[in-house]
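Please read the structure below before turning to the comments.
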Amino acid sequence: MVDVTALQKRIAQAPPTQYEQLYLVGFRGVLVISTFLWVFLRTFAPTTVYAAAGDENGPHGQAIVRKVLSVLFWNEYFLFGSIIFLSGRSIAIPFFRNPVKETVARALLSRSLTLCIPVAISMAIVKGSFTDEFINSTLKSFKTGISNHSLILPYKLPTTLAYWNSVFELFWVSHGFQAQAGNYAFPTQTLWMINAVYIQSYTVYLTMIIAPFTRARWRVQFSILFILAAWWCASWAWFTISGLIMCDMVVNMDFKTHAQRGIPLQFRSLIWRQQDGRPQRIPVWAVAGFVMLGGIAMQYVWVAARPDLFTAEWMVHSDPYSIGGLNTEYKKNHISARNDVYLTLMGFFLLLETYDVLQKILQNKFFVYLGRRSLSYFLLQPILAYQVGIRVFSQLRDSRGVGYSGSVIVTLITCLVVTVPVAELFHRLIVVPSRYLGHHFYDFITS
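In the numbering used here, the protein residues as written are 612 to 1058.
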């Protein structure tokens, strides 16, 4: 017999998700802003977007904006890498704080529902709103009218069964994340990120349970070998494990204290010492800043000077899932993990985990507010940009005779006004209840 009263008390408790390191949530908030800019500009001003395939020769003003601002403020490859890295950095925190089997079991059972329910509902919105007429008439006319080669017409899910299958595949496929119906049907074709984050979370689970039973130095040393192997095999695991080992060092190895002292110049027993006998140390900001600026500089080279070399790095990876050798079809078969983005992320997070001033900036209430709603913005903003933004733009430009720039500005304001309240409603009505359900489902089946 189910104890309904006890179940109601559980549901009435405080939300199960507790945010310990708020600067990580704040960083997600920064990604929300960057993602909003990327989705909007990729749709309405594609020449301004980093690595704008087919749209590089658009308006000269937009090209200048791309070369100057896109790397830092709306870089899709940085966004993809950041989401994967941040997932690895965050997932293991509860287990490292309380390394018992119940913590792992709760994470495994609750995460599926926490992600699956919002994704299923957003895909239902896509299924119902992206009709054949809208895709083949409104979107196609818009794409042709502004010569947007980056805009790919969404795939129309033909039946309800196809809808259910597409949602299931998003939590089942272990590689080739982008080549599935759910991703093709989703506007901007970015839903594969949910698939990648979910599958990579199991890499975190399987690795983090080893941490309490091994030496800290061994974990760091062997993680380097793991990262190199994952990089060679073109797997997102090199971003994931990098985030996990960063989490391990912060939580279990007192990383901040050691980092603020600086990096000692030594190799085994060889130590470069100061006159007073203490080891000579290099400040972390110098090394981390050099790494981060190196990654940023590489990206500026690709966008401003040598765009022909942008895809060259994918050639050196193997392709174990397709041909088992070097990736000879690297321009078609590749993941979005990039060396330049990795260097930028590692440099930035070394600085972030070392210095309080950066953490305080990201703990700003506005960034934290957006970060807690990041899933809602990720799932809804592309839908609203297409369903509302494109209709407004087309109405202004085609029916009212408003110029291109004016139409873009009005559309931007409209998208902001619509997206913020809708994302808030989605967060409160869908995302938060799904968290309750996921955690209380675990409590229910284990009580």
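Cβ coordinates follow ideal geometry from the N, Cα and C atoms, glycine included.
Because the structure is a prediction, the values reported are computed rather than measured.
Integer-rounded CB distance, given that residue 733 should sit under 8 Å from residue 635: Going by Cβ atoms, the distance from residue 635 to residue 733 rounds to 24 Å, so no, they are not a contact pair.
Would residue 893 pass as a contact of residue 955 if the rule is Cβ separation under 8 Å? Not in contact: residue 893 and residue 955 (Cβ atoms no closer than 8 Å).
Neighbourhood of residue 920 by C-beta distance below 8 Å, restricted to the same chain and skipping five residues each side: 912 and 913
Within 8 Å, strictly: CB atoms of residue 642 and residue 985: Result yes, Cβ atoms of residue 642 and residue 985 sit closer than 8 Å.
Any C-beta of chain B under 8 Å from that of residue 996: Absent here is chain B; the protein component of the structure consists of one chain.
Looking at the structure shown, is residue 630 part of a helix, part of a strand, or coil, going by DSSP? Residue confidence is low: residue 630 scores 48 on pLDDT, short of 50, so the model does not pin down where it sits. Its coordinate-derived value is still stated next. Three-state DSSP puts residue 630 in coil, outside helix and strand.
Measure the C-alpha to C-alpha separation of residue 757 and residue 655 and round it to an integer number of angstroms. 8 Å
Once the 5 residues before and after residue 743 are set aside, which same chain residues still bring their CB inside 8 Å of it? 767
Since residue 894 sits in a beta bridge, which residues does DSSP pair it with? Residue 894 pairs with nothing; no bridge assigned.
Distance CB(residue 785)-CB(residue 810) smaller than 8 Å: yes
Return the CA-CA distance between residue 716 and residue 723, expressed in angstroms with no decimal places. 12 Å
Within this structure, are the beta carbons of residue 753 and residue 1005 separated by less than 8 Å? Yes, Cβ-Cβ distance for residue 753 and residue 1005 is below 8 Å.
Rounded to the nearest angstrom, what separates residue 646 and residue 890 at their Cα positions? Spanning the two alpha carbons is a distance of roughly 44 Å.
Using a Cβ-Cβ cut-off of 8 Å (strictly less than) and excluding sequence neighbours within five positions of residue 916, which residues of its own chain qualify? none
With C-beta atoms as the reference, is residue 850 less than 8 Å away from residue 696? yes
Tell me the start and end of each unbroken alpha helix (DSSP H) in the segment 958 to 1015 that is at least 4 residues and wholly inside, in chain order. 967 to 973, 976 to 983, 985 to 995 and 1001 to 1005
Name the residue from 788, 761 and 978 whose alpha carbon lies nearest to the alpha carbon of residue 1059. Outside the shown range of the chain, which is 612 to 1058, sits residue 1059, and nothing can be said about it.
Taking the beta carbon of residue 1050 as the centre, do at least 16 other beta carbons fall within 10 Å, making it buried, or is it exposed? buried
Taking C-beta to C-beta, are residue 759 and residue 657 nearer than 8 Å? yes
Within 8 Å, do at least three Cβ pairs link the segment 793 to 813 to the segment 821 to 832? no
4 or more residues per run - each alpha helix (DSSP H) lying fully within the segment 707 to 752: 712 to 740
Inter-residue Cα distance where the pair is residue 836 and residue 843: 11 Å
Beta carbon of residue 637, beta carbon of residue 973: below 8 Å? yes
Taking three-plus beta-carbon pairs below 8 Å as touching, is the segment 1030 to 1044 in contact with the segment 991 to 1006? yes
Coarse secondary structure for residue 789, derived from DSSP in three states: coil
Would residue 690 pass as a contact of residue 730 if the rule is Cβ separation under 8 Å? no
Close beta carbons around residue 623, own chain, < 6 Å, minus the five adjacent residues each side: The pLDDT assigned to residue 623 is 45, lower than 50, so where the model puts this residue is not dependable, and the model offers no usable value.
Excluding the five sequence neighbours on either side, which residues of its own chain have a C-beta within less than 6 Å of the C-beta of residue 950, listed in chain order? Correct list, in chain order: 924.
Roughly how many whole angstroms lie between the Cα atoms of residue 791 and residue 896? 42 Å
Measuring only the C-alpha atoms, how far is residue 709 from residue 817? 16 Å
Mapping DSSP to helix, strand and coil, what is residue 875? Here residue 875 sits in strand by DSSP.
Could you tell me whether the Cβ atoms of residue 865 and residue 830 are closer together than 8 Å? no
What residues in its chain sit with their C-beta under 8 Å from that of residue 1019, if we drop five residues either side in the sequence? 655, 656 and 1004
Which term fits residue 1008, buried or exposed, when burial requires 16 or more other beta carbons within 10 angstroms of its beta carbon? buried
Rounded to a whole number of angstroms, what is the C-alpha to C-alpha distance between residue 699 and residue 853? 7 Å
Contact check, residue 1047 vs residue 640, beta carbons under 8 Å: no
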